[in-house]
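*Asks:* The structure that follows is given in the form of structure tokens.
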Amino acid sequence: AQTVTQSQPEMSVQEAETVTLSCTYDTSESDYYLFWYKQPPSRQMILVIRQEAYKQQNATENRFSVNFQKAAKSFSLKISDSQLGDAAMYFCASRTGGGADGLTFGKGTHLIIQP
Amino acid sequence: GAVVSQHPSRVICKSGTSVKIECRSLDFQATTMFWYRQFPKQSLMLMATSNEGSKATYEQGVEKDKFLINHASLTLSTLTVTSAHPEDSSFYICSARGMGQGRRNEQFFGPGTRLTVL
Numbered sequence: 003a004q005t006v007t008q009s010q011p012e013m014s015v016q017e018a019e020t021v022t023l024s025c026t027y028d029t030s031e032s033d034y035y036l037f038w039y040k041q042p043p044s045r046q047m048i049l050v051i052r053q054e055a056y057k058q059q060n061a062t063e064n065r066f067s068v069n070f071q072k073a074a075k076s077f078s079l080k081i082s083d084s085q086l087g088d089a090a091m092y093f094c095a096s097r098t099g100g101g102a103d104g105l106t107f108g109k110g111t112h113l114i115i116q117p
Numbered sequence: 008g009a010v011v012s013q014h015p016s017r018v019i020c021k022s023g024t025s026v027k028i029e030c031r032s033l034d035f036q037a038t039t040m041f042w043y044r045q046f047p048k049q050s051l052m053l054m055a056t057s058n059e060g061s062k063a064t065y066e067q068g069v070e071k072d073k074f075l076i077n078h079a080s081l082t083l084s085t086l087t088v089t090s091a092h093p094e095d096s097s098f099y100i101c102s103a104r105g106m107g108q109g110r111r112n113e114q115f116f117g118p119g120t121r122l123t124v125l
């Protein structure tokens, strides 16, 4: 079984600043994927970034990057140059490597962007 | 590409009735579809995994006779909430996994269906 923990129910950041959202996970699998999803008020789930556990290099997607610490089972998301459109719920998630399993989600972090 | 639709987007029904929610992959074939449930201000919880042509696999604690899942084709899965009660009111989200993507096998999410049972 996999568990995902997000300990920050809410975070606030000034526009154009940088914010880091925390996530820890636990799994007995050696082959797994980690994700960050964004859920705006529309409730549509949007994939922000994905990390394969077997890759040591941290994933980056434009202003979004992760700090993947495999030994510590930590997977934080850094958002640089925060924009008003980044305001949303952010969910950390994991799944096994084969892809046949569904995602296990954390409880989410509500990100507020202060203009 | 990789669009998943859900119908209806919202539904209100009376207690005791059954409601069917459709999940369609519009531009790809999905061997596997997943159904999640999200209560207000909470996270998504996986309810079941449905594979085309076979019985769905339900997560622990999810009543399979209550939540009937049918994955009749590579582009359509349905979730039927039978004898709905107010506690079934929730946001139901499906995702679909495409064929032939190998290990990456990304899941694409539908826009969700809000169910309100009176």
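Chains as they are written, first to last, in the working numbering: chain Y, 3 to 117; chain H, 8 to 125.
Idealized CB from N, CA, C, for every residue including glycine.
Is DSSP giving H/L86 helix, strand or coil here?
*Replies:* In this structure, H/L86 counts as strand in the three-state DSSP scheme.
*Asks:* Are Y/I51 and Y/L79 touching if we call contact CB-CB under 8 Å?
*Replies:* Against a cut-off of 8 Å, the Cβ pair of Y/L79 and Y/I51 comes out as a contact.
*Asks:* For H/I76, which residues in chain Y fall below 7 Å Cβ to Cβ?
*Replies:* Near H/I76 there are no residues of chain Y at all, since even the closest Cβ is about 13 Å away, more than 7 Å.
*Asks:* Using a Cβ-Cβ cut-off of 6 Å (strictly less than) and excluding sequence neighbours within five positions of Y/A55, which residues of its own chain qualify?
*Replies:* The answer, listed in chain order, is Y34.
*Asks:* Report yes if the C-beta distance between H/Y99 and H/L81 is below 8 Å; otherwise report no.
*Replies:* Not in contact: H/Y99 and H/L81 (Cβ atoms no closer than 8 Å).
*Asks:* Kindly list the residues whose CB is nearer than 6 Å to the CB of H/L83, restricted to its own chain and excluding five residues on each side of it in sequence; keep chain order.
*Replies:* The answer, listed in chain order, is R31.
*Asks:* Give the DSSP bridge partners of H/E29, in chain order.
*Replies:* In DSSP, H/E29 forms a bridge with H/H14, H/T85.
*Asks:* Quick check on the burial criterion: 16 or more other C-beta atoms within 10 angstroms. Buried or exposed for H/H92?
*Replies:* Exposed, since its Cβ has fewer than 16 Cβ neighbours within 10 Å.
*Asks:* Which residues of chain H have a Cβ atom closer than 8 Å to the Cβ of Y/F70, listed in chain order?
*Replies:* Neighbours of Y/F70 on chain H: none; closest Cβ ~17 Å, over 8 Å.
*Asks:* Does the distance from the CB of Y/S76 to the CB of Y/T26 come in under 8 Å?
*Replies:* Against a cut-off of 8 Å, the Cβ pair of Y/T26 and Y/S76 comes out as a contact.
*Asks:* Mind the definition here: the stretch 10–28 of chain H touches the stretch 59–73 of chain H only if three or more C-beta pairs lie below 8 Å; say whether that holds.
*Replies:* Touching, no.
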